[in-house]
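Please read the structure below before turning to the comments.
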Amino acid sequence: MRWRMGWLPARPVGCSRCEAEHASRNHLVGCLDVARRLGVPFDAEPNPIDYFLNKYLPVKKVKNIAKPLSPDEMHLYDHWHILGDILFEIEQICLPDEDFTNRSAASDSHKLLNWYRHRERPRITTSSYVRILEANSSR
């Protein structure tokens, strides 16, 4: 969220990964090899992270859950946790005074994916199951 809002990097900081003097958005994208890690074009506009979010992030829930995943949906599933890792690394670089010891890079990364492709099974009580069996056996 901080990346999308333009809050990272919030202030000029050095890159703790490569010791560069200034960790700008462009520097972080290159230093962390974001395009390759997310499987997007190197020259993705406006940058590989926003390109990934714009191209693969769903805007509404899938209605037909029986339908197989599209190639874009598969790409989202395969790379969503990687995006979480990248954004976690960016936060660690941009917020050097922050304590990250008790945080997980992928803490809730699959909640969105689970919501997006939620496969809710109908609840069948024992009595309704018996009625279904009786109806099918009488045919």
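Residue numbering for the sequence shown follows the numbering used here, starting at 38 and increasing by one per position.
Ideal placement from N, C-alpha and C gives every residue a C-beta, glycine not left out.
Being a predicted model, the structure only gives us computed values, none of them experimental.
Selected residue, minimal CA-CA separation from residue i, among the options
i   : options         : result
K92 : K100, V77, H118 : V77
P85 : C131, I123, H59 : I123
G67 : P133, P95, E126 : E126
L90 : L106, E110, C55 : E110
Simplified DSSP state of residue i, which is helix, strand or coil
i   : result
F79 : coil
K98 : coil
N63 : helix
D87 : helix
V50 : coil
Rounded distance between the beta-carbons of residue j and residue i, thought under 8 angstroms
i    : j   : result
H116 : L75 : 5 angstroms
I130 : A60 : 5 angstroms
Cutoff 8 angstroms; reference residue i; Cβ partners in own chain excluding five residues on either side
i   : result
H64 : C52, A57
E27 : Past the boundaries of the shown model lies residue 27; the chain is included only from 38 to 176, so the question cannot be answered.
E82 : Y88
Spatial neighbours of residue i in its chain, beta-carbon cut-off 7 angstroms, leaving aside the 5 residues before and after
i    : result
P133 : V50, S53
Proximal residues to residue i (C-beta, below 6 angstroms), its chain only, five neighbours per side dropped
i    : result
L113 : Y93
Any non-hydrogen atom of the ligand FMN closer than 7 angstroms to residue i Cβ
i    : result
I127 : With respect to the ligand FMN, the structure offers nothing, as it holds no ligand at all.
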